[in-house]
Amino acid sequence: MSNIRIFQYTHYLKTGDGVGNDVLAIHKFLSEQKKIDARIFYGVTAERFNSGKIKSIDHAVETKDDDILIIHVSTEWDYMDTLCGLKGKKIFVYHNITPPEFFEDYSYYVYENCKKGIEEVKRCKDKADYCLADSEFNKSDLISYGYECPIDVLPIIIPFDDYKQPVDEAFADELNDGKTNILFVGRIAPNKKQEDIILSFYHYKKYYNPNSRLILLGGYDENDKYYQKIVKYIDEIGVEDVRLTSHIPFKQVLAIFKSAHLFLCLSEHEGFCIPLLEAMSFEIPIIAYDSTAVKDTLGGGGILIKEKNPLEVAGLMDYVLKHEDIVSTIKERQKERLEEMKYENVTDKLWKYLTKFEPKLLQ
25 MSNIRIFQYT HYLKTGDGVG NDVLAIHKFL SEQKKIDARI FYGVTAERFN SGKIKSIDHA
85 VETKDDDILI IHVSTEWDYM DTLCGLKGKK IFVYHNITPP EFFEDYSYYV YENCKKGIEE
145 VKRCKDKADY CLADSEFNKS DLISYGYECP IDVLPIIIPF DDYKQPVDEA FADELNDGKT
205 NILFVGRIAP NKKQEDIILS FYHYKKYYNP NSRLILLGGY DENDKYYQKI VKYIDEIGVE
265 DVRLTSHIPF KQVLAIFKSA HLFLCLSEHE GFCIPLLEAM SFEIPIIAYD STAVKDTLGG
325 GGILIKEKNP LEVAGLMDYV LKHEDIVSTI KERQKERLEE MKYENVTDKL WKYLTKFEPK
385 LLQ
């Protein structure tokens, strides 16, 4: 039997990006299998990939009926309709697209991008032969959009070995100054609800622990309206020791994780939420608001809350951090969850799904 060609298509490919890491990890796994010709075609990248198997969509090869096309869906892409018209068996990997309503008051561009992206997903519902969703929440999204093809849940493959690199020790020492470090990781964006985290931290610092610091680690644009709202909000309520941190070396990112005492997530929309698992890999106790895919990803590795009353959240933060037995229980469950999310376990599941979809892969 000749090699089976499996092509992945993604709008944006970047090492370190959640979707980008997933695409590259799947490519690595497929490339290690016998009789598979694995390739990636991307729309945009800021990197140079030396592999001849990773190319711009402008250099995509003509597909055949027996090819397997894995199309990653995470944003609006004007090439999507073209991909849906190609020959081959199509698998959509759905990473979710944030509802545009979150951005309506802040960014017309992002609002339109999300709106068009969801319209594309709906328009292509009859073009997929099979779908993989990052979470049960994402699967439910596809079903609500009218997808009738088989859908399975496959978590994002996370490069946990990257987090074992040496940290920036000087930066870590700066953070390990006796303050309790509360952490959230995620771009500054309306769906992430950084203002809710800030208000909860305000009450925690005021009523429970004045010797504390909040670190909001994630990308932002200083001209963005929501970012400006967050900066203004911090000033208005008069909370101190809030650090907005972006575009720092990876060794400093690791130092932040290593120095954190609690991870607080109050986001209202997540298709997966990789930082939850990153926090687990550093044994950071987690408190998270039960929305969208958060429960799926957390998998019991933290405390889920149903309401976001800032005073109650602050009290819970204090209670958890003062009770080592609770922290120990959380860490034990995190170990179990991380075992489930190991590279070999997720790729075993991927292979099971692919061979079910295309039995010829077993020949």
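Just so we're aligned, residue 25 is where the sequence shown starts under the numbering used here, counting upward by one.
Built from N, CA and C at the ideal position, the CB exists for glycine as well.
Predicted, not measured: the structure shown is a model, and the values here were computed from it.
- If you look at His96, you'll find it in the beta strand (DSSP E) that goes Ile92 to Val97.
- Rounded to the nearest angstrom, the Cβ distance from Ser159 to Ala317 is 4 Å, consistent with a contact under 8 Å.
- Relative to Leu178, the option among Glu364, Gln387 and Leu386 whose CA is nearest is Glu364.
- In the three-state reduction of the DSSP assignment, Asn205 falls in the strand class.
- CA-CA distance, Ser236 to Leu268, rounds to 15 Å.
- The C-alpha of Ser131 is placed about 15 Å away from the C-alpha of Lys216.
- Assignment of Phe225 by DSSP, reduced to helix, strand and coil, places it in the helix class.
- Judged by their CB atoms, His96 and Thr34 are nearer to each other than the 8 Å cut-off.
- For Ala312, the uninterrupted beta strand (DSSP E) run begins and ends at Ile310 to Tyr313, by DSSP.
- In the structure shown, the three-state DSSP call for Gln32 is strand.
- By the 16-neighbour rule on beta-carbons within 10 angstroms, Gly44 is buried.
- Lys114 carries a strand assignment under DSSP once its states are collapsed to helix, strand and coil.
- By the Cβ neighbour-count rule, Ala194 is exposed, with fewer than 16 other Cβ atoms within 10 Å of its own.
- Taking 8 Å as the cut-off, the beta carbon of Gly325 is found closer than this to the beta carbon of Ile310.
- Going by DSSP, Leu288 is part of the beta strand (DSSP E) stretching over Leu286 to Cys289.
- The Cβ-Cβ distance between Gly141 and Thr99 falls below 8 Å.
- Within its own chain, the residues whose Cβ lies closer than 7 Å to the Cβ of Tyr226, once the five positions on either side in sequence are excluded, are Ile261 and Val263, listed in chain order.
- Using a C-beta cut-off of 8 Å, the region 271-285 makes no contact with the region 159-173, since fewer than three inter-stretch Cβ pairs fall below that distance.
- Our two residues, Ile221 and Val209, have alpha carbons roughly 11 Å apart in a direct line.
- In the displayed model, Ser236 falls within a strand according to three-state DSSP.
- A distance of 8 Å or more separates the beta carbons of Tyr118 and Phe127.
- Taking the Cα positions, Asp372 is about 19 Å away from Leu301.
- Our two residues, Ser164 and Phe381, have alpha carbons roughly 20 Å apart in a direct line.
- Of the candidates Pro234, Ile329, Ile206 and Lys256, the residue whose Cα lies closest to the Cα of Leu241 is Ile206.
- Below 8 Å, enough C-beta pairs join the region 106-116 and the region 148-157 to call them touching: three or more.
- Closest in C-alpha terms to Val85, from the list Lys188, Val351 and Phe31, comes Phe31.
- Counting only unbroken stretches of 3 or more residues, the beta strand (DSSP E) elements lying wholly within the region 130-197 are 154-157 and 175-177, in sequence order.
- Only exposed fits His347, as fewer than 16 other CB atoms lie within 10 angstroms of its CB.
- Taking C-alpha positions only, Glu144 is separated from Leu166 by approximately 12 Å.
- Pairing Leu374 with Phe65 gives a Cβ-Cβ distance that is not under 8 Å.
- Rounded to the nearest angstrom, the Cβ distance from Gln218 to Ile254 is 5 Å, consistent with a contact under 8 Å.
- Phe65 is bridged by DSSP to Tyr33 and Lys79.
- Secondary structure remark: continuous alpha helix (DSSP H) runs of at least 4 residues inside the region 247-275, in chain order: 249-261.
- Annotated three-state conformation of Ile329 is strand, per DSSP.
- Inter-segment contact for the region 185-194 and the region 328-338 is absent: fewer than three beta-carbon pairs are separated by less than 8 Å.
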